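Data block below; observations after.
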Amino acid sequence: MKKLWKGNEAIAEAAVAAGCRYFFGYPITPQNEIPEYMSWRLFEVGGAFIQAESEVSAINMVYGAAGAGARAMTSSSSPGISLKQEGISYIAGADLPCVIVNMMRSGPGLGGIQPAQGDYFQATKGGGHGDYHCIVYAPSTVQEFVDITYRAFDVADEYRNPVMIIGDGMLGQMMESAEIPPMRDLSTLPNKDSWAACGHSDGKQRLINSIRFEADELEAFNDYLFKKYEKIAEKETRYEEYYNDDAEYIFVAYGSVARICKAAVMELRSEGIKAGLIRPITLYPYPSKIINDTAKKPYVKKFITVEMSKGQMVEDVRLAVNGAKPVEFYGRCGGNVMMPADLVKLVKEGK
Amino acid sequence: MKIIISGFGGQGVLSLGKFISYSAIEENLNTSWLPSYGPEMRGGTANCSVIYSAEEIAAPVIDKPDVLIAFNEPSLVKFENSVKEGGVIIINSDIVHLKTTRKDVKFYEIPVDTLASAINKRGANVYMLGVLLPIFKDISEEAAIGAIQHVFENKPKVIPSNIECLKAGIEYMKQRI
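From first to last, the protein sequence lines are chains V and D.
Under the working numbering, the final residue of the first sequence carries the number 355; numbering is consecutive throughout.
Under the working numbering, the final residue of the second sequence carries the number 307; numbering is consecutive throughout.
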């Protein structure tokens, strides 16, 4: 049944439904409703919630729980996610699954607490050190927060890879109608006995860490990771097309901004201007192919990337378009949010 | 339907918005409730943007509201020019003593604190919810009662007086619309 859910709380309940029983975090606005909800909810379902002494501790607790085979999760917002990067790199290096939520706020530094999308580079291009990637999802509605969080734990387990879900303060704080999927039966979750430090591996030592001092051994692991990323790109890339069949002006935007673009598309179309939208749902792997294919269509005049940043995803759009069509950028920063009318004006003036 | 509700923090601006969203859910409509959050709330103004629709809700932000409800003067000044042509501006005239400068909207001055306090001193928001229903047209009294029952699930004692406020609000507006 559909209920009114706050974005942050919907993520928390969807995680519980997905079988997450361990949450480690440290408070920061605008995502505090996630740990707050988990702090009572996990006890109801026999799990554990720990408010760690810092973000660094929290991510390392996730590392430990993931190593022991649990479905574990942490959440934070931009400055706190920066603190977690070392741990995320270690988790990637130890080949472990987990789910990390970043409800982005404006930066750099402590910045402000209003919505922003300035962590795109951090989320998709590494963030921590070394050659690795998180699988990065960017939901745009509270229902999609739910559906993606529910699935994120399966994806993380399937590929043994950290999954990052990025939203922003607007999506985290808003309420919308959404439906939570049924509670997963824990006995049906993937069996991790073949690799987890689960205490019953017939007395054989099981070492889960990210140290590989031998060059060849480490290179082989790097190759393995990137083979895995290729498979993820092939199977897990997600995007939404919106009124693209005949669109001459294509917005590219993710998360809450994509919704503002949708409103602009409708308004432009009501005035006879053919606009459309490509909304990446996965930011890594990036849906480059659909953008590249769209760029080749003769009637497409240009791409307009819209972000709450000074222009980060626009680099991936340019790579995908590869010079076939002009790629423009429009961004707002500091917690300011563009309005559909701003985008309508942009298209009409630049036409 | 796109609604902006704005006033001082503590006037129940955010909770009136929630009442609308809960009522919309009762009608099986899609709805979004987007609050201003953070320091803005502590210093002075709070506002929320509420949308309900049978269709998918695209932008949760509102640049042209159908209805503006201003609980203080800065809110009227800040948002009145954004209201859609032919839209509605409602002020709480117990607090707001300005008139709108707009000539192309319907303007209602409602002393909602005074009117509600005869029934329930804390009922101004629900009274205002009642005022809004004849304007909305597509949210029924039953749906709003359902929302009240849901919000006050843990305080069943206050439900009857809130329903009374709702009904009084509906009657008030029916006579003026």
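Even for Gly, the Cβ is constructed at its ideal location relative to N, Cα and C.
Note that the coordinates shown come from a computational prediction; the quantities given were computed from them, not determined experimentally.
Chain-ordered, the chain V residues with CB closer than 7 Å to the CB of residue 188 of chain D read 263, 266, 267 and 270.
Here residue 309 of chain V has 255, 256, 257, 315, 317, 318, 321, 331, 332, 333 and 334 as same chain residues with Cβ atoms under 8 Å from its own Cβ, once five neighbours each way along the sequence are excluded. When DSSP states are grouped into helix, strand and coil, residue 322 of chain V belongs to the helix group. For the region 212–242 of chain V, the continuous alpha helix (DSSP H) assignments of 4+ residues that do not extend past its boundaries occur at 219–240, in sequence order.
Checking the DSSP bridge columns, you'll see residue 178 of chain D partnered with D:135 and D:165.
Per DSSP, the unbroken alpha helix (DSSP H) holding residue 270 of chain V starts and ends at 259–274. If you ignore the 5 residues before and after residue 74 of chain V, its C-beta comes within less than 6 Å of the C-beta of 26, all in its own chain and listed in chain order.
Counting only Cβ-Cβ distances below 8 Å, residue 8 of chain V has contacts in chain D at 148, 151, 152, 155, 161 and 163, in chain order. Contact between the region 164–172 of chain V and the region 105–116 of chain V is present: 3 or more CB-CB pairs across the two stretches fall below 8 Å. Interface residue (Cβ-Cβ distance to chain V less than 8 Å): residue 193 of chain D is classified as such. Taking 8 Å as the cut-off, the beta carbon of residue 60 of chain V is found closer than this to the beta carbon of residue 91 of chain V. Among the bridge pairs identified by DSSP, residue 163 of chain V is matched with none. Contact residues of the region 339–350 of chain V toward chain D are 341, 343, 344 and 345 (C-beta to C-beta distance below 7 Å). What residue 181 of chain V touches in chain D, judged by beta-carbon distance under 7 Å, is 155, 160 and 161, going in chain order. Our two residues, residue 179 of chain V and residue 227 of chain V, have alpha carbons roughly 43 Å apart in a direct line. Identification of chain D residues near residue 121 of chain V by a Cβ-Cβ cut-off of 9 Å yields none; the smallest Cβ-Cβ distance measures about 15 Å. The C-alpha of residue 204 of chain D lies about 16 Å from the C-alpha of residue 239 of chain D. With a contact defined as Cβ atoms closer than 8 Å, residue 128 of chain V and residue 288 of chain V qualify at about 4 Å.
Within the same chain, Cβ atoms closer than 6 Å to the Cβ of residue 147 of chain D are found at 135, 163, 178 and 180, the five residues on either side in sequence being excluded. Within its own chain, the residues whose Cβ lies closer than 8 Å to the Cβ of residue 215 of chain D, once the five positions on either side in sequence are excluded, are 234 and 235, listed in chain order. Shown here, residue 119 of chain V sits in a strand according to DSSP, grouped into three states. Uninterrupted beta strand (DSSP E) stretches at least 3 residues long and entirely within the region 92–161 of chain V occur at 102–108 and 139–141, given in chain order. About 19 Å separates the CB atoms of residue 35 of chain V and residue 64 of chain V; that is not less than 8 Å, and the two are not in contact. Residues of the same chain with a CB within less than 8 Å of the CB of residue 152 of chain D, apart from the 5 flanking positions on each side, are 276, 277, 280 and 281 in chain order.
At least 8 Å separates the beta-carbon of residue 240 of chain V from that of residue 121 of chain V. Rounded to the nearest angstrom, the Cβ distance from residue 220 of chain D to residue 261 of chain D is 7 Å, consistent with a contact under 8 Å. Non-local C-beta neighbours of residue 244 of chain V in its own chain, meaning closer than 7 Å and more than five positions away in sequence, comprise 283 and 285, ordered along the chain. For the pair residue 215 of chain V and residue 21 of chain V, the CB atoms are not nearer than the 8 Å cut-off. Sixteen is the threshold: since fewer than 16 other Cβ atoms of the shown chains lie within 10 Å of the Cβ of residue 302 of chain V, the residue is exposed.
Secondary-structure assignment with DSSP links residue 178 of chain V through no beta bridge to anything. Between the beta-carbon of residue 81 of chain V and that of residue 32 of chain V there is about 5 Å, and that keeps the pair under the 8 Å contact cut. In this structure residue 66 of chain V is buried. Its beta-carbon is surrounded by 16 or more other beta-carbon atoms within 10 angstroms. With at least 16 other beta carbons inside 10 angstroms of its own, residue 93 of chain V counts as buried. The alpha helix (DSSP H) runs lying completely inside the region 45–91 of chain V and spanning 4 residues or more are 59–71, given in chain order. In the three-state reduction of the DSSP assignment, residue 195 of chain V falls in the coil class, being assigned neither a helical nor a strand state.
Rounded to whole angstroms, residue 342 of chain V and residue 328 of chain V show a C-alpha spacing of 27 Å.
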